[in-house]
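A.B. asks: What follows is a structure written as structure tokens; I'll ask about it next.
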Amino acid sequence: MAKEKYVESITSRDVDFAQWYTDVVRKAEMADYSSVRGCMILRPLGCAVWENIQKGLDSRFKALGHENVCMPMFIPESLLDKEAEHVEGFAPEVAWVTMGGTEQLQERLAVRPTSEALFSDHYAKIVQSYRDLPKLYNQWVSVVRWEKTTRPFLRTTEFWWQEGHTVHETAAEAQQETLRMLDTYAEFCKTELAIPVVKGRKTDKEKFAGAEATYTIEAMMHDGKSLQAATSHYFGDGFARAFGIQFSNRENKLQYVYQTSWGASTRLIGALIMVHSDDNGLLLPPHIAPTQVMVVPVAQHKPGVLEACQQIVDKLSLVCRIKMDASDKMPGWKFSEHEMHGIPLRLELGPKDLANGQAIAVRRDTGEKQPVSLDNLADVIPDLLEQIQRDLYDRAWQLMQERTYTATDWDSFSATIQEKPGFVKAMWCGEQACEDKIKEAFAATARCMPFEQEHLADTCVCCGKPAKSMVIWGKAY
RNA sequence: CGAGGUGUGGCGCAGCUGGUAGCGCGCUUGCUUUGGGAGCAAGAUGUCGCAGGUUCGAAUCCUGUCACCUCGACCA
């Protein structure tokens, strides 16, 4: 539905998407820049959203049998060096500690860019027997990657994430774990973040340094660009061989473990912003919103108004996360402010409503207003929140469908990927040369080879050789 | 890392052919207001990003440096 724009201080999404994104992050008070290069400060709202993401994911991990640990933030250079591909992949973006106090260190320490080396080193010590397996560990920490350009949430020098690292007795079991965690991420995005994703496998060019296979969930942002929302890697026994993680198997023979790792980061908050938010600011899905309902009194100096609002808060705190704004700002100011902060539902209550025994519920996503009898609030509001959650997902899903195209020859591929923001499905021969050519020509990459494969054509869209798989191509953050 | 741009109260900006800093918003106090960013009045807030240099004198000119923004390159 067409809705007038109330807030002038946010650049319109259709005018300049990049500027709009930055404006929303700042005006919604999610994050702020810090005095450290490329590092952001998670402000209370951003932190609360991250805490909700942590709760949602952590409870899912625990339900699947994972345990949390805390590893050091430093990795000795010799340890990082053990797996060749891994080092090579991360070397350009590692921050190093070379001094301890005033003393030069004998061996410099990497500030962890990821913790495969530490987990592998630890597993080598604690895994002796098949009876010790599997080990299903996870940790919630921050990592540092010295990126050249940064953007809040999407790419920062330091970012917060969880990294799961598991070791298994068999390849099949590890592969199953890899896919199980990918499914967990996808389900979380759908259920809690209202973000539809495409599950698939990365091409060799795009996979994790040191992995045998990398799986991804790709989400489409409102401007049609792709964002890798989470990844899950199958390592085979590569790290196990490099770090010597061996155990006595059921036949009493020494064997290497099979390993996985999987991660999701504060980048998910960037996805939340770019999928749902609009020109009035942030728009949070109710399941993840720290405050789901904001009660705004109107003419609050009039007798009975504040008391009635407080009663609503008391009553509804049992069924939703609700707050009241009793500050002495103008009502209009509060409306804009809470819209900017993404609160999914607003309840207005003034003298007229008090006389009618009702409050006005206003949806953040549609702007739709409806009177709700004070007696029915506890029933109606939770339903309304669920409705908003569903509608946000449906809207995002619809947009993703509308912006997913197919191409079977170079000309149509070229026209589509240049003119239409979104995903382009096309067949691929499996050669990196074609990926390179497409990247060179259109700045687009193979986002993934979706699990749901379609046979669009017999030949590669780029070189015309026999096709091996269908790839989703797109421009990415 | 390459090209371009910007750094001046909390935020957004003006001042930049040198003479000691100003506007809007916000903030504080009071009164009136309150259904989409209220009005009036009185206040407070600046080592002009940082470090050198030129000058009697630098926000302004010069050099260096740092940070941020945009576009490229890079980015499991």
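Using my numbering, you'd call the opening residue of the first sequence number 9 and step up by one each time.
Using N, Cα and C, we set each Cβ at its ideal position, and we do this for glycine too.
(1) Would you grab the beta carbon distance between P121 and A202 for me? Rounded to a whole angstrom, and I think it's under 8 angstroms.
(2) Looking only at C-alpha atoms, which of H463, M48, K476, A449 sits nearest to E439?
(3) Apply the 10 Å Cβ neighbour rule to K11 and answer buried if 16 or more other Cβ atoms are within range, or exposed otherwise.
(4) Have a look at H8 and F167 and give me their C-alpha separation to the nearest angstrom.
(5) Go through its chain and collect everything with a Cβ distance to K473's Cβ below 6 angstroms, but skip five positions before and after it.
(6) Identify every residue that forms a DSSP beta bridge with N364.
(7) With DSSP collapsed to three states, give me the class of H176.
(8) CB A36 to CB M348, shorter than 7 angstroms?
(9) Rounded to the nearest angstrom, how far is the Cβ of E75 from that of Y145, given a contact under 8 angstroms?
(10) Per the DSSP calculation, K207 is bridged to which residue(s)?
(11) Might you give, ordered along the chain, the residues of its own chain that have their beta carbon closer than 6 angstroms to the beta carbon of R455, omitting 5 neighbours on each side?
(12) Determine the direct distance from the alpha carbon of P84 to that of E115, and round the result to whole angstroms.
(13) Kindly identify the DSSP beta-bridge partner or partners of M478.
(14) Ignore the nearest five residues each way along the sequence and tell me which others in S42's own chain have a CB closer than 8 angstroms to its CB.
(15) Exposed or buried, what is M9 when buried is set at 16 or more other beta-carbons lying within 10 Å of its beta-carbon?
(16) Note down the Cα distance separating H309 from M282, rounded to an integer number of angstroms.
(17) Report yes if the C-beta distance between E185 and T299 is below 7 angstroms; otherwise report no.
(18) Can you tell me which of C470, M435, F251 puts its alpha carbon nearest to the alpha carbon of A441?
(19) Going by beta-carbon coordinates alone, are G271 and T165 separated by less than 7 angstroms?
(20) Use the C-beta contact count for N384: other C-beta atoms within 10 angstroms, 16 or more gives buried, fewer gives exposed.
(21) Cα separation between M107 and Q263?
(22) So what's G244 in DSSP terms, helix, strand or just coil?
(23) Leaving aside the five residues before and after A250 along the sequence, list all residues of the same chain whose C-beta is less than 6 angstroms from its C-beta, in chain order.
(24) Closest to T158 by C-alpha separation, out of D40, A334, E427, would be which residue?
(25) On the three-state DSSP scale, how would you describe F161?
(26) Check M189 in the structure and name its three-state DSSP category.
(27) Could you check whether E171 and S123 sit closer than 7 angstroms to each other, using their CB atoms as the reference points?
(28) Is the beta carbon of F216 less than 7 angstroms from the beta carbon of T222?
(29) Could you say which of I320, V303, Y242 lies nearest to P339 if we only look at CA atoms?
(30) Could you give the DSSP three-state label for K11: helix, strand or coil?
(31) Could you name the residues that DSSP lists as bridge partners for D212?
(32) Measure the alpha-carbon distance for S137 versus G73 and round it to whole angstroms.
(33) Which first and last residues belong to the beta strand (DSSP E) in which S422 is found?
(34) Assign R79 to one of three DSSP states: helix, strand, or coil.
(35) V313: beta carbon under 6 angstroms from a heavy atom of the ligand ADP?
(36) Does the Cβ of P311 have 16 or more other Cβ atoms within 10 Å, making it buried, or fewer, making it exposed?
C.D. replies: With the structure as the only source:
(1) Working through the first sequence from its first residue, we reach residue 121 at position 113. Working through the first sequence from its first residue, we reach residue 202 at position 194. Rounded, the Cβ-Cβ distance is 31 angstroms, inconsistent with contact.
(2) Walking along the first sequence from the start, residue 439 turns up at place 431. Comparing Cα positions, the closest option is K476.
(3) Taking the first residue of the first sequence as 1, we reach residue 11 at position 3. For K11, the predicted structure reports a pLDDT of 36, less than 50, and the residue's modelled location is therefore unreliable. A value from the coordinates is still provided. That one is exposed.
(4) Because the chain is modelled from 9 through 485, residue 8 falls outside the range shown and cannot be assessed.
(5) Here the question's residue 473 lines up with position 465 in the first sequence. The residues are C437.
(6) As a position in the first sequence, residue 364 is number 356, starting the count at 1. N364 pairs with nothing; no bridge assigned.
(7) On the first sequence, position 168 is the one that residue 176 refers to. Note: H176 maps to strand in three-state DSSP.
(8) As a first step, residue 36 is located in the first sequence; it is residue number 28 there, counting from the start. As a first step, residue 348 is located in the first sequence; it is residue number 340 there, counting from the start. In this structure, M348 lies closer than 7 angstroms to A36 by Cβ.
(9) Locating residue 75 in the first sequence gives position 67, where the first residue counts as 1. Locating residue 145 in the first sequence gives position 137, where the first residue counts as 1. Yes, E75 and Y145 are in contact; Cβ-Cβ is about 6 angstroms, under 8 angstroms.
(10) Counting from 1 along the first sequence, the entry for residue 207 is found at position 199. BP columns for K207 point to I225.
(11) For the purposes of this step, residue 455 is taken as the residue at position 447 of the first sequence. The residues are E226, S234, I480, G482.
(12) For the purposes of this step, residue 115 is taken as the residue at position 107 of the first sequence. For the purposes of this step, residue 84 is taken as the residue at position 76 of the first sequence. The alpha-carbon atoms of E115 and P84 are separated by roughly 7 angstroms.
(13) Taking the first sequence and counting its residues from 1, the one referred to as residue 478 is at position 470. Answer by DSSP bridge pairing, in chain order: M435.
(14) As a first step, residue 42 must be located in the first sequence, where it is residue number 34. The residues are M48, I49.
(15) Your numbering for residue 9 matches position 1 in the first sequence. Any reading at M9 needs caution, since the residue's pLDDT is 25, under 50, leaving its predicted position unreliable; the model's value is listed next. Exposed is the label assigned to M9, since fewer than 16 other Cβ atoms lie within 10 Å of its Cβ.
(16) Along the first sequence, read from residue 1 onward, the residue named residue 309 stands at position 301. Along the first sequence, read from residue 1 onward, the residue named residue 282 stands at position 274. When rounded, the distance between both Cα atoms is 39 angstroms.
(17) In the first sequence, the residue the question calls residue 185 occupies position 177. In the first sequence, the residue the question calls residue 299 occupies position 291. No, the pair does not count as a contact, with Cβ atoms beyond the cut-off.
(18) Taking the first sequence and counting its residues from 1, the one referred to as residue 441 is at position 433. Nearest C-alpha to A441: C470.
(19) Against the first sequence, residue 271 aligns to sequence position 263. Against the first sequence, residue 165 aligns to sequence position 157. No, Cβ-Cβ distance for G271 and T165 is not below 7 angstroms.
(20) Residue numbering aside, residue 384 sits at position 376 when the first sequence is read from its first letter. So N384 counts as exposed.
(21) In the first sequence, the residue the question calls residue 107 occupies position 99. In the first sequence, the residue the question calls residue 263 occupies position 255. In a straight line, the C-alpha of M107 is about 39 angstroms away from that of Q263.
(22) Locating residue 244 in the first sequence gives position 236, where the first residue counts as 1. Correct three-state label for G244: strand.
(23) For the purposes of this step, residue 250 is taken as residue 242 along the first sequence, with counting starting at 1. Once the five neighbours on either side are set aside, the close Cβ partners of A250 are K90, E91.
(24) To locate residue 158, count along the first sequence from 1; it is residue 150. Taking only the C-alpha atoms, the option nearest T158 is D40.
(25) Counted from its first residue, the first sequence places residue 161 at position 153. Of the three classes helix, strand and coil, the one that applies to F161 here is coil, per DSSP.
(26) In the first sequence, the residue the question calls residue 189 occupies position 181. M189 falls in the helix class under three-state DSSP.
(27) Working through the first sequence from its first residue, we reach residue 123 at position 115. Working through the first sequence from its first residue, we reach residue 171 at position 163. Cβ atoms of S123 and E171: closer than 7 angstroms.
(28) Within the first sequence, the letter at position 208 stands for residue 216. Within the first sequence, the letter at position 214 stands for residue 222. Yes, the pair counts as a contact, with Cβ atoms nearer than the cut-off.
(29) Residue mapping note: residue 339 aligns to position 331 of the first sequence, counting from 1. Ranking I320, V303, Y242 by Cα distance to P339 puts V303 first.
(30) Residue numbering aside, residue 11 sits at position 3 when the first sequence is read from its first letter. At K11 the pLDDT is 36, less than 50, meaning the model places this residue with poor confidence and gives no usable figure here.
(31) Within the first sequence, residue 212 is the residue found at index 204, counting from 1. None, per the DSSP bridge assignment.
(32) Here the question's residue 137 lines up with position 129 in the first sequence. Here the question's residue 73 lines up with position 65 in the first sequence. One C-alpha to the other measures close to 19 angstroms.
(33) On the first sequence, residue 422 is found 414 positions in, with the first residue counted as 1. No beta strand (DSSP E) holds S422; the alpha helix (DSSP H) holding it covers 418-427.
(34) The residue given as residue 79 occupies position 71 in the first sequence. Per the sequence presented here, residue 79 reads as Met, with Arg not at that position. In the structure shown, M79 sits in coil (DSSP, three-state: anything other than H, G, I, E or B).
(35) In the structure shown, the ligand ADP is absent, as is every other ligand, since no ligand is present at all.
(36) Translated into positions along the first sequence, residue 311 becomes position 303. Counting Cβ neighbours within 10 Å, P311 comes out exposed, since fewer than 16 surround it.
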